[in-house]
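Scroll down for the structure; my scribbles are underneath it.
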Amino acid sequence: MTSPGSLQRRLGVADAVVIGADSMIGAGVYVAWAPAARAAGEWLLVALAIAGFVAFCNATSSAQLAAIYPESGGTYVYGRRQLSPFWGHVAGWGFVVGKTASCSAMALTLGTYLWPEQQRLAAALAVMAITAVNIGGLQRTVAVTKVLLVVSLVAIGCVMWVGVTESPQAGVITISSTDASVLGAFQAAGFLFFAFAGYARIATLGEEVRDPERTIPRAIPLALFGVLALYGLVGAVAIDFGGVDRLGASDSPLRDLVGSVDSPLEPIVQLGAGIASLGVLLNLIPGVSRTTLAMARNREVPGWFAHIDEKRSLPLRAELTVAAVVVTLVLTIDITSSIAVSGVAVLPYYAVTNAAALTLRRDQRRWPRPLAVVGLLGCVVLVAALPQSALLGGGFVLVTGVAARQVAVRRSGDDRP
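Using my numbering, the first residue of the sequence shown is number 1, and each one after it goes up by one.
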C-alpha cells in the first residue's frame with residue numbers, strides 16, 4: 001500500500017531505464033562533442049571512455065544508496081544521512097547550480113539547432129514557454145518520455161546513416177593534426193560527462209518504482225551502458241566522416257554533418273535536437289525548483305523558497321526564480337561555458353555520492369568498494385581539468401552558497417554540523 005503523502009510506485013525496471021536513457025540522450029549528445037573535440041584532439045574517444053567509466057563508478061554508488069534510501073532527493077538525502085547535513089547541503093547546492101547551468105546549455109542547444117541566427121532569443125523563449133507549461137500543471141509522463149526518446153534516437157540514427165553512407169573516407173578513423181594532451185583528454189572527459197549525468201534521474205525515482213531495492217540498482221547500469229555504447233558509435237561515425245577538427249569547429253556538429261552533404265534528413269536531426277532539449281528542460285526546471293524547495297524546508301537556502309502556491313500546488317517562487325536565472329544565463333554565456341559550469345557544480349555532487357557510498361557497511365554494498373574510490377578521485381580530477389574560467393565562476397557560486405549556509409546556521413544557533 002502507498003501511504004498518504006507518498007508517490008505511487010508504478011514504474012518497473014524497463015520504465016526506469018527509459019527515463020534514465022532519455023535524461024542522458026538529451027541535448028548533450030548534440031553539443032558536447034564540439035568542446036570535447038577541441039580539448040582532446042586525437043584522444044576524443046579515450047576521453048569518452050574516461051567519462052563513461054567515471055559515470056559508471058558514480059552510478060554504482062548511486063544505485064547502492066538509492067536501494068537503501070528509496071525516497072526522492074538523490075545525493076542531497078544520501079549526503080545528509082551517511083555523512084552530515086553539511087555534505088548534504090554541498091550536494092544539494094551543487095545540484096541546483098549545476099543543473100541550472102545545464103538548463104542553460106539545453107536551451108542554447110535548442111536555439112543553435114532550430115534558430116541559429118537568433119539562438120539566444122530562441123533559448124530564452126523556450127525557457128519561458130517551458131516554465132509557463134510547468135506552471136500550468138502539465139506533467140511529463142513515462143509514455144511521453146518514451147515518445148521523446150524514440151524521436152531523439154531516430155534523429156541520431158539519421159546522423160549515423162548519413163555518416164556511414166556519405167562519408168568521403170568511410171571505414172577510416174581520421175584523427176587530424178589537432179594537438180592532444182593528457183590534460184586535454186581529461187578536460188574533454190569533463191565536457192562529455194555532461195552527456196552522461198542524466199542517469200542520476202533514476203536514483204531520484206525511489207518513491208515511484210516498484211521494489212526500489214531491486215529495480216534501481218539494475219536500471220542505472222543498464223541505462224548507462226546502453227547510452228555509452230550509443231555515444232561510442234556516434235563519436236566513431238562523426239570522426240570517420242570529417243575528422244576531429246571538423247567535429248570541434250561547430251556548436252551544432254551533428255546537424256552540420258548531415259547538412260554538409262545536403263541530406264534531406266537534416267530537418268529531422270534539427271527537430272530531434274530541439275525536442276530532446278525541450279524534453280530535458282520540461283523535467284529539469286521543475287527538478288531544480290523542487291530541490292530548492294526541499295533545501296528551503298531544511299533551512300539550507302532562504303525559507304522564502306519553501307512557499308507552495310496553493311492554487312497550482314507547486315513551488316512557484318522557486319520555479320520562477322530558476323527560470324529567471326536560466327534566462328539570464330542564456331543571454332550572457334555560451335554553450336561551452338554552460339557545460340563547463342555545469343560540470344564544476346555537478347561533479348562535486350557526484351563526489352559526495354561516492355564519499356557517502358564509502359561509508360556503507362559490508363552487508364549494504366552491492367558493488368566493490370574501490371569503484372567508489374575511483375569515482376570520487378575521478379570527479380576531483382575531471383572538475384580540476386575543466387577550463388579555469390568555469391572553475392572560477394562556478395566555484396565562486398558554490399563556495400558562496402556553502403558559506404552563506406554556514407553563516408545562517410551560526411546566527412540561528414543551530415547545532416547542525
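Glycine included, C-beta positions come from ideal geometry on N, C-alpha and C.
DSSP state of residue i mapped onto helix, strand, coil
i	result
Leu265	coil
Val154	helix
Val209	strand
Leu11	strand
Leu360	coil
Trp115	coil
Gly73	coil
Val341	helix
Ala63	helix
Gly248	coil
Val407	helix
Asn134	helix
Trp367	coil
Ile68	helix
Gly232	helix
Ala55	helix
Buried versus exposed call for residue i [16 or more other C-beta atoms within 10 Å across all chains shown]
i	result
Lys99	buried
Val399	exposed
Arg411	exposed
Asp22	buried
Val17	buried
Gly378	buried
Asp15	buried
Glu117	exposed
Gly136	exposed
Ser181	exposed
Trp304	exposed
Gln270	buried
Phe95	buried
Which listed residue (the options) has its alpha carbon closest to that of residue i
i	options	result
Gly393	Ala408, Gly232, Ile333, Ala122	Ile333
Phe56	Phe396, Ala372, Leu148, Leu386	Ala372
Gly164	Thr109, Ala101, Ala236	One point to set straight first is that residue 164 is Val, not Gly, in the sequence displayed. Of the listed residues, the one whose Cα sits closest to Val164 is Ala236.
Val144	Leu247, Val280, Gln388, Glu213	Val280
Thr112	Gly274, Val409, Gln388	Gly274
Leu49	Gly248, Ala185, Thr215, Leu347	One detail in the question is off: residue 49 reads as Ala in this sequence, not Leu. Considering only alpha carbons, the answer is Ala185.
Ala37	Ala188, Leu382, Pro302, Phe225	Ala188
Val133	Arg405, Leu282, Ala51	Leu282
Glu71	Ser84, Leu110, Leu108, Pro212	Pro212
Ile216	Gly41, Glu42, Arg366	Arg366
Val54	Ala390, Val402, Ala195	Ala195
Any non-hydrogen atom of the ligand GDP closer than 7 Å to residue i Cβ
i	result
Val397	For the ligand GDP, the structure offers nothing, since it holds no ligand at all.
Sheet register partners of residue i (DSSP bridge)
i	result
Leu278	None; Leu278 has no bridge partner.
Asp309	Leu314
Three or more C-beta pairs below 8 Å linking the segment 312 to 332 and the segment 354 to 367: With a cut-off of 8 Å, the segment 354 to 367 and the segment 312 to 332 do not count as touching, because too few Cβ pairs lie within range.
Stretch-stretch touch, CB-based, cutoff 8 Å, three pairs: the segment 154 to 161 with the segment 243 to 263: Segments in contact, yes.
Segment contact flag, the segment 303 to 315 with the segment 67 to 84, C-beta cutoff 8 Å, min 3 pairs: The segment 303 to 315 vs the segment 67 to 84: no contact.
Sufficient close CB pairs (3 or more, under 8 Å) joining the segment 214 to 226 to the segment 82 to 90: The segment 214 to 226 vs the segment 82 to 90: no contact.
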